[in-house]
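**Student:** Quick note: the sequence shown uses the working numbering, first residue 1, plus one each step.
Backbone N, C-alpha and C fix where the C-beta goes; we use that ideal spot for every residue, glycine too.
None of these values were measured; they are calculated from a predicted model.
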Amino acid sequence: MSLTTPGGDTVADYKMLIGGELCDATSGETFETFEPATGEKIADVPKAGKEDAVRAIEAARKAFDEGPWPKMSGKERADKLRKIVEVIGAHAAELSEIETRDGGGTIRKAQLADVPGAQQSFEWFAKMAEEQPTEVELTGSPLPPSENYLRYEPLGVCSGVIPWNFPLIMASWKIAPALAAGNTSVLKPASFTSLSALLMAQFINEECDLPPGVLNVISGPGGTVGEELASNPLVDKTAFTGSTEVGRRIMQLASATVKPVTLELGGKSANIVLDDADLDVAAAGVLWGTFMHGGQVCESGTRALVQRGIYDEFVSLLADRAGKIQLGNPLDFETDLGPLVSRSQVQTVERYVASGREEVGEPVTGGAKPEGLPAGLDRDCFFQPTIFTDVDNEAKIAQEEIFGPVLCVIPFETDEEAVALANDSIYGLGGGVQSSNLDRAKKVAAAMRTGTVWINDYHLISPERPFGGYKQSGIGRELGTFGYNIYRQVKHVHVNTGEGRDTHFHYQLLSANI
Ligand code: NAD
Numbered sequence: 001m002s003l004t005t006p007g008g009d010t011v012a013d014y015k016m017l018i019g020g021e022l023c024d025a026t027s028g029e030t031f032e033t034f035e036p037a038t039g040e041k042i043a044d045v046p047k048a049g050k051e052d053a054v055r056a057i058e059a060a061r062k063a064f065d066e067g068p069w070p071k072m073s074g075k076e077r078a079d080k081l082r083k084i085v086e087v088i089g090a091h092a093a094e095l096s097e098i099e100t101r102d103g104g105g106t107i108r109k110a111q112l113a114d115v116p117g118a119q120q121s122f123e124w125f126a127k128m129a130e131e132q133p134t135e136v137e138l139t140g141s142p143l144p145p146s147e148n149y150l151r152y153e154p155l156g157v158c159s160g161v162i163p164w165n166f167p168l169i170m171a172s173w174k175i176a177p178a179l180a181a182g183n184t185s186v187l188k189p190a191s192f193t194s195l196s197a198l199l200m201a202q203f204i205n206e207e208c209d210l211p212p213g214v215l216n217v218i219s220g221p222g223g224t225v226g227e228e229l230a231s232n233p234l235v236d237k238t239a240f241t242g243s244t245e246v247g248r249r250i251m252q253l254a255s256a257t258v259k260p261v262t263l264e265l266g267g268k269s270a271n272i273v274l275d276d277a278d279l280d281v282a283a284a285g286v287l288w289g290t291f292m293h294g295g296q297v298c299e300s301g302t303r304a305l306v307q308r309g310i311y312d313e314f315v316s317l318l319a320d321r322a323g324k325i326q327l328g329n330p331l332d333f334e335t336d337l338g339p340l341v342s343r344s345q346v347q348t349v350e351r352y353v354a355s356g357r358e359e360v361g362e363p364v365t366g367g368a369k370p371e372g373l374p375a376g377l378d379r380d381c382f383f384q385p386t387i388f389t390d391v392d393n394e395a396k397i398a399q400e401e402i403f404g405p406v407l408c409v410i411p412f413e414t415d416e417e418a419v420a421l422a423n424d425s426i427y428g429l430g431g432g433v434q435s436s437n438l439d440r441a442k443k444v445a446a447a448m449r450t451g452t453v454w455i456n457d458y459h460l461i462s463p464e465r466p467f468g469g470y471k472q473s474g475i476g477r478e479l480g481t482f483g484y485n486i487y488r489q490v491k492h493v494h495v496n497t498g499e500g501r502d503t504h505f506h507y508q509l510l511s512a513n514i
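(1) If you scan the region 12-43 from start to end, which runs of the beta strand (DSSP E) of 3 or more residues do you find wholly inside it?
(2) Just to confirm my understanding: we take Glu299, look at its own chain, exclude 5 residues before and 5 after, and list those with CB closer than 6 angstroms. What are they?
(3) Is it buried or exposed, Ser462, if we count other Cβ atoms within 10 angstroms and call 16 or more buried?
(4) Looking at C-alpha atoms only, which residue of Gly404, Phe403, Glu401, Ile397 is the closest neighbour of Arg410?
(5) Quick one: is Pro374 buried, meaning 16 or more other Cβ sit within 10 Å of its Cβ, or exposed?
(6) Quick check: what's the CA-CA separation for Phe314 versus Ala282?
(7) Which residues share a DSSP beta bridge with His494?
(8) How big is the Cα-Cα spacing for Ala118 and Trp454?
(9) Please classify Asp9: does DSSP put it in a helix, a strand, or coil?
(10) Could you pull out every residue in the same chain whose Cβ sits closer than 7 angstroms to the Cβ of Pro6, ignoring the five residues on either side in sequence?
(11) Arg55 to Lys80, Cα distance in whole Å?
(12) Closer than 7 angstroms to a non-hydrogen atom of ligand 1 - does that hold for the CB of Gly474?
(13) For Lys471 and Leu421, I'd like the C-alpha separation in whole angstroms.
(14) If I'm right that Ala230 touches Thr238 with Cβ under 8 angstroms, what's the distance once you round it to whole angstroms?
(15) Enumerate, from N- to C-terminal direction, the unbroken alpha helix (DSSP H) stretches of 4 or more residues contained entirely within the region 301-331.
(16) Given a cut-off of 8 angstroms, decide if Arg151 and Gly495 are closer than it, judged by their beta-carbon atoms.
(17) Take Gly480 as the anchor and find which of Ile250, Gln132, Glu76 has the nearest alpha-carbon.
(18) Can you find a heavy atom of ligand 2 that lies under 7 angstroms from the Cβ of Phe31?
(19) Following a CB-centred definition, is Asn165 positioned closer than 7 angstroms to any heavy atom of ligand 1?
(20) Give the DSSP bridge partners of Val136, in chain order.
(21) Within this structure, are the beta carbons of Met46 and Ser219 separated by less than 8 angstroms?
(22) Flag Ile250 as yes when its Cβ comes closer than 7 angstroms to any non-hydrogen atom of ligand 1, and as no otherwise.
(23) Going by the beta-carbon positions, is the gap between Thr224 and Gly498 smaller than 8 angstroms?
(24) Helix or strand or just coil, what does DSSP make of Thr4?
(25) I'd like the span of the alpha helix (DSSP H) that includes Ile387, first residue to last.
(26) Going by Cα to Cα distance, which pick from Glu400, Leu318, Ser344, Asp65 is closest to Ser355?
(27) Runs of 3 residues minimum, wholly inside the region 343-428: which ones carry the beta strand (DSSP E) assignment?
(28) Work out the CA separation of Glu76 and Pro363 for me, nearest whole Å.
(29) Could you check the C-alpha separation between Pro523 and Pro260 for me, to the nearest Å?
(30) By the three-class DSSP mapping on this structure, what secondary structure does Glu464 have?
(31) Which ranges does the alpha helix (DSSP H) cover as unbroken runs of at least 4 residues, wholly within the region 182-264, from first to last along the chain?
(32) Consider the Cβ of Glu58: report whether some Cβ of chain C lies at a distance smaller than 8 angstroms.
(33) If you check the beta carbons only, do Asn329 and Ala93 fall under 8 angstroms apart?
(34) Out of Glu228, His459, Glu130, Thr33, which has the shortest C-alpha to C-alpha gap to Met72?
(35) Go ahead and pull the three-state DSSP assignment for Lys268.
Following this line, the structure appears as structure tokens:
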């Protein structure tokens, strides 16, 4: 494996991990991946086909059915997961560099959020493996005298399909709980951003001594590889993070074998600014809640609902501060906003901004690719933080997920109206309430139909707390204790202790003579 140096032009060689072996696609095919900041090619990536997906699934099946992993104690698996935490830490520099160069964003995000976020996720699920019981006695049963208990068992082979916005963190959200609970895993990263997951798998394979087939990572197109991971009968569970459109397809594919699915999908979250909010804190919260990672974040608060009494003052604060966000070289730690993931994503944003201009009017700030970027950067991959005001919640830009740096500011009169506007969306993933009256803010939070609400804050996600969506933002929750137990089956065992059989109605249902 060779890694490019910052700004270097070495074409790196990345491999997939199947059954404990680093390998190319069976066909030998590869696809190119580019550095969005500069537009330059950084690597050739193995382009798996259906046969490689099947190979990876079969390796995971064999590791589950015949290997030691599901039979190991929680403590033994936790030790392996903690070794992964250590290995990610030892390679933090390479991983954060490649995360930034492959996926856009900034090195600051990679160093402060992506790499530590992946570590925290493995650490949390190691704790789950150690602490969550595998057997629980049941008492107070109305059944005849008997001993009853629950066994929590791994599901089997778990597949994961992830998007391009937080590749390392998303990979860890799929791999860590699956492995902690005793399952085996096959992961497919998004084609725009396969490198960090492949590299992490390579480091884990070389340094963590996992039994072969426990972890498999393959790169390739969603339409073939992703579909196989969601439909193959040897897979026991599929966890998907990505767009609502593809989520629907995954659910359809998984239904043929009644596979449980976890879906973490799109969002159009509302950040409600009440008239008693500290405007400084709220402005920071709204800007950070929308523009972090260029708005390419599923829970971004892309609709700021602002109460009439503070509306004008708040809008001018937002516009003023948004203009101070520094766009630039993503490998410079001082840069606030790097490139979006690709030129095509910038073009999508441009189409939405054009639609906003038509439906709503001129944005108060932004609305174009930035001028004056440092030499060598590809301007076609960058977009300014953009704010539309007086937006009707029915407008296309207020209803559809843009996945770019575009904020819609929407006025409201009463708390009830704010809640109604917030809930008037097919999505329900995140949301915020900015207010100095916590009772009032909590009442508003309770009425919002969404998976997470941050009061006087935004974006704070941690492995200890469940994350997921209402409505078309998804099914199930990842993280927290809940996000561990969805990777386990529950088996009830009833042990007849022999007393009182004759008198119980269950035995009289067929015949007293058998
Ligand atoms: P996407 O849905 O286009 O792709 C996600 C993954 O699915 C990729 O790996 C892709 O290759 C694969 N895929 C595509 N078609 C497939 C198919 N037919 N069958 C199986 N797999 C297929 O999403 P994206 O553009 O990579 O990411 C952006 C989307 O992800 C946004 O909608 C965003 O809101 C969502 N997202 C959600 C969360 C969350 O936790 N809810 C987190 C991050 C991103």
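**Tutor:** If we stick to the structure as given:
(1) Those beta strand (DSSP E) runs which fall completely within the region 12-43 and span 3+ residues are 16-18, 21-23, 30-35.
(2) Hits under 6 angstroms: Gly267, Ser269, Leu429, Gly430.
(3) exposed
(4) Checking the sequence, you will find Ile at residue 410 rather than Arg. The candidate whose alpha carbon is nearest that of Ile410 is Ile397.
(5) exposed
(6) 9 angstroms
(7) Asn148
(8) 22 angstroms
(9) Note that Asp9 scores a pLDDT of 43, beneath 50, so its modelled location is shaky; the value from the coordinates is reported in the next line. If DSSP states are grouped into helix, strand and coil, Asp9 belongs with coil.
(10) The predicted model places Pro6 with a pLDDT of 40, which falls under 50 and marks its position as unreliable; any figure quoted below should be read in that light. These residues qualify, in order along the chain: Glu97, Leu331.
(11) 24 angstroms
(12) yes
(13) 15 angstroms
(14) Here Ala230 really is in contact with Thr238; their C-beta atoms are around 5 angstroms apart, less than 8 angstroms.
(15) 311-322
(16) Looking at the sequence provided, one finds Val at residue 495 rather than Gly. No, Cβ-Cβ distance for Val495 and Arg151 is not below 8 angstroms.
(17) In this structure, Gln132 is the residue among Ile250, Gln132, Glu76 with its C-alpha nearest to the C-alpha of Gly480.
(18) This structure lacks ligand 2; its bound ligands are ligand 1.
(19) yes
(20) Leu150
(21) In the sequence as displayed, the identity of residue 46 is Pro instead of Met. Yes, the Cβ-Cβ distance between Pro46 and Ser219 is below 8 angstroms.
(22) yes
(23) no
(24) Any reading at Thr4 needs caution, since the residue's pLDDT is 45, under 50, leaving its predicted position unreliable; the model's value is listed next. Residue state, collapsed to three classes: coil.
(25) First-last for Ile387: 386-388, but that is the beta strand (DSSP E), not the alpha helix (DSSP H).
(26) Glu400
(27) 386-388, 406-412
(28) Rounded to the nearest angstrom, the two C-alpha atoms are 56 angstroms apart.
(29) No answer is possible for residue 523: the residues shown for the chain start at 1 and end at 514.
(30) Here Glu464 sits in coil by DSSP.
(31) 195-207, 227-231, 244-255
(32) Protein chain content of the structure displayed is limited to a single chain, and chain C is not contained in it.
(33) no
(34) If we check each option's Cα against that of Met72, Glu130 comes out closest.
(35) coil
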